[in-house]
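Working notes, structure below.
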Amino acid sequence: MQTRFEQFALTNMLGSRDSPPRLNGRLCFDQTWERQAFGMAIALSKGGHFDWEEFRQKLIVAIGEWEISHASDDPSWSYYERWLTALERLVVEAQLVTPDELASTHNAAVSSREA
């Protein structure tokens, strides 16, 4: 069930190039971290840490950067990787985490996947 904010955030993105992947009208997540990143962006914006439109603009930029540097049929495309890039940039800009804290989190995540 979606709250009004989640409904606003999703409908705000429908039909635009930053729209989340859907199947039969439902959001699609292939991996747990994708759902977590999605939820984190919604929760932080809903909590007033940044405006939803700020996040959308970061996502559009992240998608555009990928499109410029990759072929349109490149199989490495991942919508939620772009989502995560946008979220990471925004939480650093909003001073919710430092770049060093973010890097150490990445290192810990990589280490746990390799174990």
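Under our numbering, residues 154 to 268 are what the sequence shown spells out, in order.
By construction, the Cβ of each residue, glycine as well, lies at the ideal position given by its N, Cα and C atoms.
Under 8 Å between C-beta atoms of residue i and residue j
i	j	result
R242	K211	yes
S198	F191	no
S229	H223	yes
Residue i burial status per 10 Å Cβ neighbour count (16 or more: buried)
i	result
T185	exposed
L240	buried
S257	exposed
R235	buried
I221	exposed
Q196	Sequence inspection shows Ala at residue 196; the Gln mentioned does not correspond to that position. With fewer than 16 other Cβ atoms within 10 Å, it is exposed.
M154	With a pLDDT of 42 at M154, under the threshold of 50, the modelled position of that residue is not reliable, and no figure is offered here.
Best match in the options for proximity to residue i [C-alpha to C-alpha]
i	options	result
H259	S231, D183, T238, E246	T238
H202	I221, L180, S229, V245	V245
L249	E218, D183, A194	A194
I216	D183, Y233, F182, R179	Y233
D204	L180, V214, A247, W219	A247
Cβ-heavy atom distance, residue i to the ligand GDP, below 7 Å
i	result
R235	This structure lacks the ligand GDP; in fact it carries no ligand of any kind.
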